[in-house]
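Residue numbers (my numbering), protein chains in the order written: chain R, 18 to 211; chain B, -12 to 285; chain V, 895 to 1094. Just so you know, even glycine gets a beta-carbon here, dropped at the ideal spot from N, CA and C. Read the structure below first, then the notes.
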Amino acid sequence: MKNPALIFLGAFLINNIVLMRFLGLCPFFGVSTAVETATGMGMAVIFVMTLASWITWIVFNVVLLPLNLVFLRTAVFILTIASLVQLVEMFLKKYYRTLYNAMGIYLPLITTNCAILGITFLNIDNKFNFLNATVFAIGTGIGFMVVMITFAAIRERLDLAPINPSLKGYPISFIAAGLMALAFLGFSGLFGLM
Amino acid sequence: MTSTKNMVLTLLIVAIVCSVVLSFVYSYTEPRIAETQAQLTLGGIKQVINAQEFVEIIPDTLWKAVDSSGILTGIVFRVFPQGYGGPIPITVGLDLNGKITGVRIASAAEGLKETPGLGVKITEPEFKDQFIDKCAPEAQLKNDGGEIDAITAATISSRAVCNGIKKGIETYLNYLETPIDKRCVFSDAREFVEIIKDTLWYALKDADTIGIVFVGFTQGYLDCREFMVGVGTDAKISGVKILYSSETEGIGEAIREKEFLDKFKKGSAEAITGATVSSQVLIDAIEEYITRYKEYLK
Amino acid sequence: MKRRNLFTRGLVKENAVLVLMIGLCPALAVSGTVRDAFGMGIAATFVLLFSNVMISIMRKKIPNEVRIPVFILIISTFVTIIDYVMQAFQPDLYRALGIFVPLIVVNCMILGRAEAFAYKNSVIDSILDGLGVGLGFTLALTVMGAIREILGNGTFLGMAILGEGFKESPVIFMILPPGAFLVIGVLKALINKYVKKETQ
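This is the structure in structure tokens:
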């Protein structure tokens, strides 16, 4: 599966990061209460995911691998991502205010997030080259955003619906997410048919 | 407010101590991990064919099965055809007649992504043992002209396995032949003396060493190629033969063409230019091997 | 706070997964079978415990401004240790847990306890706290794993317990992603209904 188009499709639909891979659940449930916040969060995720993939890919293939320091991968990646996001946030705040207002506030939330770190690990485990890693990151980010916006729309409706008090809040959200996951399962045979 | 010096110092010390601790843990566990992995692979291979020893030909993809005296009894290869939910890891054993001796499919715990309850049934003996004692044309679904029963409601997974196995046999069948006659790359030699097992031989004529013959391979990003080269003591190439190539049909086939290979006979590797990327990779690899084995030419 | 409360708090009242809703990713991803769920719980508890201890021991020496990076360094060291040790001694479990082993490093409960507790309390207290939260996490995961494995595969730790007939066609849905969401949703609903919160 080295074809960038297939990788994109896989990342977006077939192995959707939230509904199939179970990564990024905390921001998914935390920030999806309104469509607007979901959009901002989604954009931030695409942005950070791509940047983080680039930096960690370079660090791994140019520094860790040649120097035989692969065992430092976990520590190095997480620190790199945390620093990167910190720098990006400061940079955006100072020079690109509008962009910062749109998504900057979500950046700290996704720093130590399993979605970002998970994708950087997967890039290495799948032995992607730079282009494929980029496609994978963008595809995953878009998959995350699409699912989050859909889910936010559902939650906005749920807030107004009459629901049994014990189900209100997290429980019904989980069940709704489960139904979405069920729908996405339908994509899983796409590879076999291609 | 702590001084900057203090902050940086703490960070540095912690980072260094952590790195040191981790490198210890790594060096302690790494050999064990490698060994477990090798055991696992060997275990998998042993399940598909009866043999004493295995010689890895293509890393993690192809092994020769030999008995205690070193004679070839079969081969084992791995294929990863695209199934319903993802690639299906299949290990297949083949005897000298090209008949399947055993099939092993990785389980869901090992990464199989087929539908639980349906597609994963391909790992069960009822399905996979059907392949035993069949050759390539028979290893197809009954609907496709072969003799294999598909799993009800899991046709895609079943078909994927059949196609994968069939393609694997077609690709690696060459390896069942008796060792390639080295004279096809060094026609002047009468005798060959093995220096490095299955890799390097002296070419002799009338008890004089007139050159060497070696087997090498290139492992590129997408492809893998095994070739045999004969080189005379004057460092001129006497012949090149491609033993195996995993290039997609059509694209890399050109390098097997006689015209291309004959170019080598005219001189040293440097003098040949590659028409395509794959032929250039081959030329570079041959050059490298000649340099590596240069000392044997004296 | 009484020592005993330190331990039980993380176990039930402030259970990471079912009350505080953190550490959801591994909870849903690896709770398909009891073995995987329990294994992940123990691995995370190991990291939590040792990180808590280390940070508590060093708490007077870590400058406040750089505490987060230092926590991350320490936590990731223990995560890497358990990563390689599991690879070497429990390769089957390692393969089943996949990337979620190194992802323990971003499990909010570990960084959370380091910041909220270990940095400010004694070593003994930190041990109790770490054990409580970690075992609570393990408990939640194992319960989910049990439900999903029994209904979705007819087995418990690989042994058929609902009869061979059920094993032939179990509720496969349960071990697939949607099942995970459903199970945790229902569990949370039950907890909301039957467990009275102290502060409301």
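Counting only residues of its own chain and dropping the five nearest sequence neighbours on each side, residue 53 of chain B has a CB closer than 8 Å to the CB of 38, 39, 40, 41, 42, 59 and 60.
Along the region 4 to 21 of chain B, going in chain order, the ones with a CB nearer than 7 Å to a CB of chain V are 5, 8, 9, 12, 13, 16, 19 and 20. For residue 51 of chain B, the secondary structure class from DSSP, reduced to helix, strand or coil, is strand.
For residue 226 of chain B, the pairing in a beta bridge is given by DSSP as B:217. Under the Cβ criterion of 7 Å, residue 95 of chain R is counted among the residues facing chain V. For residue 45 of chain B, there is no enclosing alpha helix (DSSP H); the residue is found in the beta strand (DSSP E) stretching over 40 to 45. Taking the Cβ atoms as the reference, residue 141 of chain B lies roughly 5 Å from residue 106 of chain B, within the contact range of under 8 Å. When C-alpha distances from residue 922 of chain V are compared across R:81, R:207, R:203 and R:192, the shortest belongs to R:192. Nearest in C-alpha terms to residue 197 of chain R, of all of R:25, R:85, R:169 and R:60, is R:169. Put simply, the backbone Cα of residue 1054 of chain V is about 15 Å away from that of residue 926 of chain V. By the neighbour-count definition (other C-beta atoms within 10 Å, threshold 16), residue 111 of chain B is an exposed residue.
Of the other Cβ atoms in all chains shown, fewer than 16 fall within 10 Å of the Cβ of residue 171 of chain B; this residue is therefore exposed.
One thing to note: residue 79 of chain B has its Cβ within 7 Å of the Cβ of residue 155 of chain B.
Chain-ordered listing is empty here: chain B has no CB closer than 9 Å to the CB of residue 100 of chain R, the nearest sitting near 12 Å. For residue 955 of chain V, the C-beta contacts it makes with chain B under 8 Å involve -3, in order along the chain.
Taking 7 Å as the cut-off, the beta carbon of residue 199 of chain R is found no closer than this to the beta carbon of residue 996 of chain V. If you look at residue 114 of chain R, you'll find it isn't in any beta strand (DSSP E); it sits in the alpha helix (DSSP H) that goes 114 to 120. In the same chain as residue 102 of chain B, and ignoring 5 residues on each side of it, the C-beta atoms closer than 8 Å to its own belong to 71, 72, 141 and 144, in chain order.
Going by C-alpha positions, residue 188 of chain R is about 35 Å away from residue 949 of chain V. Taken atom to atom, the span from the alpha-carbon of residue 99 of chain B to that of residue 113 of chain R is near 46 Å. Distances from the alpha-carbon of residue 942 of chain V to those of V:1089, V:976, V:1046 and V:1067 put V:976 closest.
Taking every protein chain shown into account, the CB of residue 959 of chain V has fewer than 16 other CB atoms within 10 angstroms, so this residue is exposed.
In this model, residue 1088 of chain V and residue 904 of chain V are separated by some 18 Å (Cα to Cα). Sequence-distant Cβ neighbours of residue 1007 of chain V in its own chain, meaning closer than 7 Å and more than five residues away, are 942, 946, 1023, 1024 and 1027.
Annotation for residue 178 of chain B: the continuous beta strand (DSSP E) segment containing it runs 178 to 183. With a 10 Å radius around the Cβ and a threshold of 16 neighbouring Cβ atoms, residue 951 of chain V comes out exposed. DSSP, read as helix, strand or coil, puts residue 205 of chain B in strand. The way I'd put it, the region 978 to 986 of chain V doesn't touch the region 905 to 912 of chain V; fewer than three beta-carbon pairs between them come closer than 8 Å. Within the same chain, 155, 158, 159 and 162 come within 7 Å of residue 63 of chain R by CB-CB distance, once the 5 residues on both sides are set aside. Rounded to the nearest angstrom, the Cβ distance from residue 137 of chain R to residue 94 of chain R is 5 Å, consistent with a contact under 8 Å.
DSSP, read as helix, strand or coil, puts residue 108 of chain R in helix.
For the pair of segments examined, the region 2 to 13 of chain B was found to touch the region 964 to 980 of chain V: the number of CB pairs separated by less than 8 Å reaches three.
In chain V, no part has a C-beta under 7 Å from the C-beta of residue 227 of chain B; the shortest such distance is about 42 Å. The C-alpha of residue 1005 of chain V is placed about 7 Å away from the C-alpha of residue 965 of chain V.
Contact check for residue 183 of chain R and residue 1086 of chain V: beta-carbon distance about 4 Å, within the 8 Å limit, so the pair qualifies.
In the DSSP assignment, residue 1019 of chain V falls within the unbroken alpha helix (DSSP H) covering 1017 to 1047.
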